[in-house]
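Remarks on the structure that follows.
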Amino acid sequence: MCRFSVSAYLIAVLLSFSKSNGNPVFDGSIITADGNPLDKLEMPAACKDQTFCFEKGDNYPEQKVEKFLQTFPLQKHLGSRIGFSFRDGDKENGNADCPANTTYVDQPIYYVFDESGIVRPVIQSPEKFEQLYSTRWCLNEGYITQNTRHFFPESKRLKKFQIECVTTLMDLDFIVLVEEFEELTYKVVKAMGGIPVCCKCQYHTKKMLQ
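Written out as structure tokens, the structure reads:
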């Protein structure tokens, strides 16, 4: 009887812990510890469901960024940071068969969703330290099913081949602001899933797809 009572008590405790995701429970309510505010940022509404954001949201910790850069001048230690930039003269938005969207060219990214699932503030300061990135992705991701300038789905050529528009992703580094033991510092992270930088055409023989 005693063993049964102890087992039942342990099961109840484990269920309570599971429902609260590890947070202490008081009177049926979940109490969340204060923790690190920089670990609780959210993406701006314009970047919802994205893993990076060029928009500087209202919750961007600008004052903390400036304070950190005053004590640790990254520009002096690391120099200019250009994460990815299109080649000089590369103004083409993809190509005629796989058009691409170039929304941002050499612009600062303010937030990234890192590989551990946390929204991180990217250290950006126009006068002290900037990290600039360019992005490009396919407007029509997937297999071509409609006529393009060079290919027609009903043509004999496409009876042997299928053409796919594929966005290329790169694992770029971002220097982000973190707070450890109430001290501001930085770490290098990557955005979950990578950053889109190119739209390319891929050709597949239909035998390979079967």
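Taken in order, the sequence shown gives residues -22 to -1, 1 to 188; the numbers are from mature numbering (1 follows the signal peptide of the UniProt record, and there is no 0).
Ideal Cβ placement from N, Cα and C applies to all residues, glycine included.
Taking the C-beta atoms as reference points, V154 is found nearer than 8 Å to P99. By the neighbour-count definition (other C-beta atoms within 10 Å, threshold 16), S94 is an exposed residue. Taking C-beta separations shorter than 8 Å and ignoring five residues to either side along the sequence, the partners of R127 in its chain run A74, D75, following chain order.
Within 10 angstroms of the beta-carbon of Q48 lie fewer than 16 other beta-carbons, which makes it exposed.
For L162, the enclosing beta strand (DSSP E) has its first and last residue at 161 to 168. Using a Cβ distance threshold of 8 Å, E20 and V97 count as a contacting pair. Counting along the chain, the unbroken beta strand (DSSP E) around F152 starts and ends at 151 to 158. M148 and I173 have their C-alpha atoms spaced approximately 5 Å apart.
In this structure, the straight-line span from the alpha carbon of K45 to that of T183 is close to 57 Å. The beta carbons of W115 and A169 sit no closer together than 8 Å.
F46: not part of any beta strand (DSSP E); member of the alpha helix (DSSP H) spanning 40 to 49, first to last residue. For H55, the uninterrupted alpha helix (DSSP H) run begins and ends at 52 to 56, by DSSP. Residue burial annotation: Q109 is buried, with at least 16 other C-beta atoms found within 10 angstroms of its C-beta. One Cα belongs to N125, the other to T81, and the distance between them is close to 25 Å. Secondary structure note for F91: its beta strand (DSSP E) is the uninterrupted segment 89 to 91. In terms of Cβ geometry, D92 and V167 form a close pair [threshold 8 Å].
Here DSSP, grouped into helix, strand and coil, assigns L16 to helix. Per DSSP, reduced to three states, the secondary structure at K26 is coil, with no helix or strand assignment.
Counting only residues of its own chain and dropping the five nearest sequence neighbours on each side, G120 has a CB closer than 7 Å to the CB of E142, C143.
Among the bridge pairs identified by DSSP, N79 is matched with W115. In the DSSP assignment, Q140 is bridged to H182.
Taking Q140 as reference, the option from H55, A24, C179 with the minimal CA-CA separation is C179.
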